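The structure under discussion appears below in the form of structure tokens.
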């Protein structure tokens with residue numbers, strides 16, 4: 001694959017590019033779903049192609065092609081340079097990047113069981129068995145299960161001499177039961193909504209989930225929600241389960257720290273950010289116990305934001321985002337790092353596929369574990385609501401005001417988890433919310449959750465991000481606004 | 486591809502002058518026939534082939550300059566085989582014979598591994614299609630230089646008036662062919678273009694957008710001027726308390742809410758009991774001024790006139806004067822419901838069945854100015870953002886206003902207003918529509934493009950306010 005990449009780099013140089021990088025990518029995917037006891041989607045796909053990013057006349061151009069012949073690659077490279085020169089017709093200054101070393105490396109994400117080598121019959125049998133377990137429960141009207149496997153190989157080459165191969169295996173799996181009764185639709189998912197859990201691992205993820213054990217509980221809870229009490233509207237104490245907190249981190253920390261948003265580059269579509277440059281190292285983002293990192297390194301865990309190098313050839317790093325409650329860092333690339341005076345990119349340029357331009361994306365944005373045992377946290381809560389498993393999520397385009405609802409809530413009274421609550425929701429302002437955090441559970445309760453469906457960029461790119469979180473408690477939170485009159 | 490001739494698909498995406506040449510219809514047919522020929526010798530009972538090709542370009546700008554500028558070409562071949570009552574799909578973007586054989590084998594292997602599908606039907610035979618013409622040569626030929634010049638003009642306007650522009654100008658062409666071993670063959674090609682612009686006059690912003698088959702159908706500079714003027718008016722926003730307000734939703738704002746209704750009209754969604762129309766068909770659910778059709782042939786629509794199995798799309802009256810009357814059906818759900826398929830199925834196998842993708846809402850006659858003039862106190866909404874479903878049966882949606890929210894008092898726009906969060910049932914909203922404007926091809930960011938009018942709606946529920 002480096003042969004095509006080298007041919008592309010040669011052409012860009014001949015055409016006058018001052019910098020170029022090339023990604024040849026081969027993506028393979030298998031999707032299996034069941035619904036109400038029948039196989040739903042059963043599909044496999046592969047895609048291979050090449051994308052070229054160039055800097056010419058001080059401006060950027062990008063072109064991609066699935067024609068990997070020498071002629072096809074050269075034509076694509078020439079097109080990228082021509083596009084960059086057209087960009088220069090509407091530039092205000094030359095694009096400049098901070099320096100980066102060149103690397104020659106090959107990396108494979110670790111996995112124990114290759115999901116593409118597990119017999120499909122075995123995979124479908126497990127899903128159909130879990131589906132059947134859920135359908136046994138009275139009141140359940142829709143059952144869904146699914147597995148998704150991806151293998152992504154990329155070959156990166158740049159005009160500064162890098163040659164980097166990375167191979168990743170990604171697995172996702174989950175189940176859900178829905179119940180329609182009267183004038184209400186209720187749903188429970190396991191281990192998370194968004195198709196379950198998604199990680200940079202092999203089939204061992206599926207085997208660790210024990211779907212058959214959880215299927216009856218998920219189904220029973222979906223039916224039981226109809227007779228549960230409505231979540232009250234009040235200001236009070238909120239305890240968030242780990243997966244919901246993962247999405248809270250994603251929306252109210254992960255997106256606002258993207259430097260392209262901060263610098264206005266996403267103003268028309270994804271929005272901007274309240275974290276203007278004057279806030280760095282000054283803003284009290286959260287309470288003293290709030291520590292958030294952006295960590296793409298394997299030692300952080302097998303997250304959807306784990307890699308060895310980003311798609312700009314910068315090694316994976318761990319960056320402090322919030323340290324003891326103080327706002328400390330952004331997600332940057334080589335160009336935005338230069339624009340704000342950093343010496344180095346934080347290594348967060350990522351692309352969905354060969355036909356998409358790498359853009360700043362979250363890696364693994366994780367809340368570091370605290371000190372609490374979950375049972376102790378409940379025992380320490382006299383009056384509160386525990387909310388688990390996301391149902392809806394929304395936040396304004398500068399990432400201040402948010403509202404989330406979850407599939408299920410549980411009343412906490414006198415230090416004990418008591419009755420089930422339906423239609424739970426909470427809302428608030430980002431910094432007020434994180435400053436109200438007074439307890440975070442310890443590493444025993446910490447999971448690196450995968451968010452597989454983060455959309456950003458034009459043309460739209462869908463990216464997987466990781467979010468480590470353990471359950472945590474927040475005080476004086478507005479609860480129930482989604483169903484207010 | 487045929488061993489007797491140079492593989493035609495290998496010529497796909499050839500860059501000729503300023504535009505990318507897509508495969509000819511003859512080449513598409515040849516690609517389909519090649520797969521069908523290869524599949525015949527593998528033991529597949531039946532085979533269906535989709536060939537999709539796209540050549541798109543997109544220029545992105547921010548801070549009054551182009552910062553991203555991209556082009557792509559891609560061709561995919563997607564193959565569904567049927568064997569002994571079982572079916573599965575494999576897709577590849579390699580179009581040499583070895584790769585196509587491998588995709589056929591993968592599809593067969595998947596199909597063999599699954600249980601029989603009790604609802605699987607034989608593939609449909611030849612169909613007749615109503616022709617549509619949505620291909621504009623000038624749009625297919627639009628150059629990066631032409632897009633850059635238009636962007637430059639918009640940015641110059643922003644600079645002249647002390648504002649900052651960000652946005653996108655895209656253009657492209659795509660085509661889709663579907664064929665099967667029972668002789669069905671259908672092909673469709675279109676061009677598309679889009680211009681979207683946000684003008685920022687700190688801390689305020691406003692926005693305008695257009696999307697069409699032909700780039701000549703919109704004027705990018707007029708859109709820039711509109712966003713420019715509204716951004717200036719959006720400064721000095723005042724904070725109002727949350728509550729119920731009369732709102733005037735511009736077409737993009739109306740679209741991004743009502744667009745969330747589309748899957749509720751799928752027969753499969755009712756079968757699965759996840760549609761808000763369960764137990765509500767035939768009842769007066771919306772106001773009598775609401776009529777909704779799905780019409781792939783409407784002059785403001787884009788998209789193929791056939792579905793994932795190659796069936797021609799029918800025009801379907803979904804809501805007649807506020808009463809949900811009909812659903813859309815794929816072949817399988819149609820058979821189960823003893824109805825005629827409407828040509829709205831997704832490619833099989835899938836769990837979602839079908840959906841209407843060309844919604845057209847009924848028009849009114851009120852202009853935006855007339856809606857404002859008729860409003861004693863209300864809010865003019867430019868655009869909505871990050872809309873998600875809170876309650877799937879009552880269809881309560883949450884989201885934010887964005888890029889231009891204005892107070893209307895005694896028939897006039899009097900000031901800008903800080904953005905609100907809403908929690909609003911779409912069903913209730915469509916019972917509270919007081920005035921409708923002419924339906925236009927509306928383009929937002931949450932729903933796909935539909936033909937939707939501006940709407941004046943009473944008692945729209947805003948639950949919280951943000952900081953800007």
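Chains as they are written, first to last, in my numbering: chain Z, 1 to 485; chain R, 486 to 953.
We treat Cβ as the ideally placed atom computed from N, Cα and C, and that holds for glycine.
Keep in mind that this is a model prediction, so the values were computed, not measured.
Pairwise C-alpha distance: residue j and residue i
i, j, result
"residue 486 of chain Z", "residue 371 of chain Z", "Not covered by the structure: residue 486 of chain Z. The range shown for chain Z is 1 to 485."
"residue 412 of chain Z", "residue 248 of chain Z", "21 angstroms"
"residue 186 of chain Z", "residue 332 of chain Z", "40 angstroms"
"residue 482 of chain Z", "residue 618 of chain R", "45 angstroms"
"residue 964 of chain R", "residue 506 of chain R", "The first residue shown for chain R is 486 and the last is 953, placing residue 964 of chain R beyond what the model contains."
"residue 459 of chain Z", "residue 377 of chain Z", "44 angstroms"
"residue 228 of chain Z", "residue 424 of chain Z", "11 angstroms"
"residue 299 of chain Z", "residue 468 of chain Z", "13 angstroms"
"residue 843 of chain R", "residue 209 of chain Z", "40 angstroms"
Strand pairing of residue i, partner residues [DSSP]
i, result
"residue 412 of chain Z", "Z:384 and Z:417"
"residue 47 of chain Z", "Z:27"
"residue 165 of chain Z", "Z:106 and Z:155"
"residue 477 of chain Z", "Z:236"
"residue 260 of chain Z", "Beta-bridge pairing links residue 260 of chain Z to no other residue."
"residue 831 of chain R", "In DSSP, residue 831 of chain R forms no bridge with anything."
"residue 643 of chain R", "Note: residue 643 of chain R sits in no beta bridge, so no partner."
"residue 32 of chain Z", "Z:42 and Z:147"
Secondary structure of residue i, DSSP reduced to three states
i, result
"residue 115 of chain Z", "helix"
"residue 559 of chain R", "strand"
"residue 604 of chain R", "coil"
"residue 460 of chain Z", "coil"
"residue 952 of chain R", "coil"
"residue 302 of chain Z", "coil"
"residue 183 of chain Z", "coil"
"residue 87 of chain Z", "helix"
"residue 4 of chain Z", "helix"
"residue 798 of chain R", "coil"
"residue 768 of chain R", "coil"
"residue 361 of chain Z", "coil"
"residue 19 of chain Z", "strand"
"residue 493 of chain R", "Confidence at residue 493 of chain R is low in this model, with a pLDDT of 39, below 50, so its placement is unreliable and the value that follows should be read with caution. Correct three-state label for residue 493 of chain R: helix."
"residue 326 of chain Z", "strand"
"residue 501 of chain R", "Unreliable placement is indicated for residue 501 of chain R, whose pLDDT of 46 sits below 50; the coordinate value is still reported in the next sentence. Residue 501 of chain R falls in the strand class under three-state DSSP."
"residue 375 of chain Z", "helix"
"residue 658 of chain R", "strand"
"residue 856 of chain R", "helix"
"residue 173 of chain Z", "strand"
"residue 231 of chain Z", "coil"
"residue 331 of chain Z", "strand"
"residue 825 of chain R", "coil"
"residue 521 of chain R", "helix"
Pair within 7 angstroms by beta-carbon distance, residue i and residue j
i, j, result
"residue 349 of chain Z", "residue 320 of chain Z", "no"
"residue 888 of chain R", "residue 841 of chain R", "no"
"residue 192 of chain Z", "residue 295 of chain Z", "no"
"residue 42 of chain Z", "residue 784 of chain R", "no"
"residue 434 of chain Z", "residue 290 of chain Z", "yes"
"residue 152 of chain Z", "residue 138 of chain Z", "no"
"residue 920 of chain R", "residue 938 of chain R", "no"
"residue 115 of chain Z", "residue 34 of chain Z", "no"
"residue 544 of chain R", "residue 554 of chain R", "yes"
"residue 650 of chain R", "residue 580 of chain R", "no"
Chain R contact residues for residue i, given Cβ-Cβ distances below 7 angstroms
i, result
"residue 47 of chain Z", "578"
beta-carbon residue i near the ligand GDP non-hydrogen atom, thresh 6 angstroms
i, result
"residue 782 of chain R", "For the ligand GDP, the structure offers nothing, since it holds no ligand at all."
Proximal residues of chain Z, C-beta to C-beta of residue i below 7 angstroms
i, result
"residue 546 of chain R", "90"
"residue 550 of chain R", "90, 91 and 92"
Beta-carbon neighbours of residue i, restricted to chain Z and to distances below 9 angstroms
i, result
"residue 637 of chain R", "89 and 90"
Proximal chain R residues relative to residue i, where beta-carbon distance stays under 8 angstroms
i, result
"residue 108 of chain Z", "Here the premise fails: no neighbours, minimum Cβ distance about 23 angstroms."
"residue 360 of chain Z", "Within chain R, no residue comes near residue 360 of chain Z; the closest Cβ sits about 12 angstroms away, beyond 8 angstroms."
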